[in-house]
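Numbering (the numbering used here), first residue to last: 119 to 593. These notes concern the structure reproduced below.
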Ligand code: SF4
């Protein structure tokens, strides 16, 4: 047999990848490697022991959390002969990182069931598992494996119990099932809007829901409150700048001090304060505490100051509901849905906010729109279309209801997020589907209806049964 040809690519990868990093710093493997080892359970699983001597079985390693908080959420572990415990898993290089990284003071870490470390001692409140004694291969080999596709993929063994029956469905049947789940979500949102409209009318409900949606994940409640205050804050038509002063002032997001470093921002703040100092006493009773707002992991484009600047433009004009109605009633090809709605929701250039993401950021090199296509999609799917659908239902107009549903089902996919990624991995495994906003909403509805009532092992989940019934009636 001729000698194997040297593989430059493989050699280079081995020399510069994790394996090389390990050789340079043999005492401490990269934390990412430990996380991958845990994710794929590259451990001698049948002989795991905690540092305090108790045996531990990993019934499920949990789901990798790429956001703030413990590394794995929702693991299921059994210590000695005790009952299975559901909790989070934090992975660190050393057990002393528990205090060193401030996990002991962070409420996000309250549900940690297992502290998995490379090495350490058993002095932490959570049970400690030392990984280096239980690897199923030498660390160097694992480092090479981490560079491969398998380590990057979602482990097949972590797929949900519904993944197999879902995989057997013809593509169209699967899409229809997800669309049906999406319509349940759509109608639930519409019902929420209807309930609110009974109290405050359709237009006010629309304003509240739009502001709430602008709050994105972290700031839904303060934005909702500002929406509720609209009858008072926008009782008379005022300029966008005046509206921004009022909204920033009432929200508690208006700084008291100038930056003294950025002239543009200081000029803007002076003009805003010119308005706000005259009326802050009038609105003192409804001013929100700044502590209500969350800024962790927030992208500048989603900063509430910027969202309030946009809302001030909408309120200054006041024709938005009528323009939305025209948009809804006009015939539009599916391909033009996002752009045409964005045109309605977009506002004129703003002297300050077109050039700044927040009140702290420097002037941008080129102007940025106050609303992007991603947020327009979010507003369409969560607010605008359910609002038109439920109003059409109230008016017994089946044709308009069908139009709202058709646009909802045709809407292009929204931004991806961690919940959706995990749902796709657990439920759909390798099945590739053309993603639409409705497919995403359908997945979220299934997570809400089923995954959130079960655990990582899918205990007593009835969704696989639902899928099998769906298979039978489609056969
Ligand atoms: S809990 Fe149910 S819906 Fe969620 S992944 Fe498991 S079987 Fe599927």
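We put the CB at the ideal spot given by N, CA and C, even for glycine.
Same chain, Cβ closer than 7 Å to residue i, five either side skipped, listed in chain order
i, result
"residue 163", "176"
"residue 526", "304, 499, 503 and 556"
"residue 372", "366, 390 and 394"
"residue 491", "456 and 460"
"residue 178", "193, 194, 574 and 575"
"residue 509", "320"
"residue 592", "291"
"residue 159", "176 and 179"
"residue 408", "370 and 371"
Presumed contact (8 Å Cβ cut-off) between residue i and residue j, rounded CB distance
i, j, result
"residue 210", "residue 231", "Not a contact, Cβ separation roughly 15 Å."
"residue 518", "residue 428", "Their Cβ separation, rounded to whole angstroms, is 28 Å, which puts residue 518 and residue 428 out of contact at 8 Å."
"residue 434", "residue 356", "6 Å"
"residue 204", "residue 192", "6 Å"
"residue 257", "residue 147", "6 Å"
"residue 285", "residue 547", "6 Å"
"residue 472", "residue 422", "The pair is not a contact, with the Cβ atoms about 17 Å apart (cut-off 8 Å)."
"residue 538", "residue 562", "7 Å"
"residue 168", "residue 589", "Residue 168 to residue 589, Cβ: 43 Å. No contact."
"residue 213", "residue 184", "Incorrect: roughly 23 Å between the Cβ atoms, too far for contact."
"residue 327", "residue 501", "4 Å"
"residue 426", "residue 362", "7 Å"
"residue 331", "residue 496", "6 Å"
"residue 324", "residue 151", "That pair is no contact at about 50 Å."
Cβ-based neighbour list, residue i, same chain, cut-off 6 Å, excluding 5 preceding and 5 following
i, result
"residue 272", "543"
"residue 523", "none"
"residue 252", "161, 162 and 166"
"residue 334", "420"
"residue 431", "358 and 465"
"residue 398", "367"
"residue 446", "506"
"residue 554", "531"
"residue 278", "544, 545 and 576"
Near the ligand SF4: residue i beta-carbon under 7 Å from a heavy atom
i, result
"residue 288", "no"
"residue 579", "yes"
"residue 336", "no"
"residue 561", "no"
"residue 285", "no"
"residue 188", "no"
"residue 162", "no"
"residue 396", "no"
"residue 181", "no"
"residue 566", "no"
"residue 582", "yes"
"residue 211", "no"
"residue 279", "yes"
"residue 544", "yes"
"residue 569", "yes"
"residue 318", "no"
"residue 404", "no"
"residue 458", "no"
"residue 572", "yes"
Same chain only: Cβ atoms within 8 Å of residue i, ignoring 5 sequence neighbours per side
i, result
"residue 119", "Caution is warranted here: a pLDDT of 48 is assigned to residue 119, below 50, making its placement in the model unreliable, and the coordinate value is therefore given only provisionally. So the list is empty, once near-sequence residues are dropped."
"residue 380", "480 and 481"
"residue 170", "240, 245 and 246"
"residue 583", "none"
"residue 255", "160 and 263"
"residue 340", "333, 369, 406, 410, 411 and 422"
Contact with chain B by residue i, beta-carbon distance below 8 Å
i, result
"residue 235", "Among the chains of the structure shown, chain B does not appear; only one protein chain is present."
Does the region 283-300 come into contact with the region 461-473, if we say contact requires no fewer than three beta-carbon pairs (one atom in each stretch) closer than 8 Å? The answer is no - the region 461-473 does not touch the region 283-300, with fewer than three Cβ pairs under 8 Å.
The region 408-420 in contact with the region 441-448 per 3-pair CB rule at 8 Å: These segments do not touch.
Taking contact to mean 3 or more Cβ pairs, one atom from each stretch, closer than 8 Å, check whether the region 572-591 and the region 307-321 are in contact. Too few Cβ pairs lie closer than 8 Å, so no.
Answer yes if the region 192-204 comes into contact with the region 219-226, meaning at least three C-beta pairs across the two stretches below 8 Å, and no otherwise. A contact is defined here as three or more CB-CB pairs under 8 Å, and the region 219-226 fails this definition with respect to the region 192-204.
Would you be able to state if there are at least three C-beta pairs under 8 Å between the region 526-536 and the region 345-357? No, the region 345-357 does not touch the region 526-536.
Taking only runs that begin and end inside the region 376-416, name each unbroken alpha helix (DSSP H) of 4 or more residues, in chain order. With a minimum length of 4 residues, the continuous alpha helix (DSSP H) runs that stay inside the region 376-416 are 381-397.
Ignoring anything shorter than 4 residues or poking outside the region 506-549, list the alpha helix (DSSP H) runs there in chain order. For the region 506-549, whole alpha helix (DSSP H) runs of length 4 or above, ordered along the chain, are 516-528 and 536-541.
3 or more residues per run - each beta strand (DSSP E) lying fully within the region 185-263: You should have 190-197, 203-212, 230-237 and 246-248.
What alpha helix (DSSP H) runs, 4 residues minimum, are completely inside the region 279-325? If we require 4 residues or more, the alpha helix (DSSP H) runs fully inside the region 279-325 come out as 281-286 and 289-318.
Which runs of the alpha helix (DSSP H) spanning at least 4 residues fall entirely within the region 430-494, listed in chain order? Counting whole runs of 4 or more residues, the region 430-494 contains the alpha helix (DSSP H) stretches 438-447 and 455-463.
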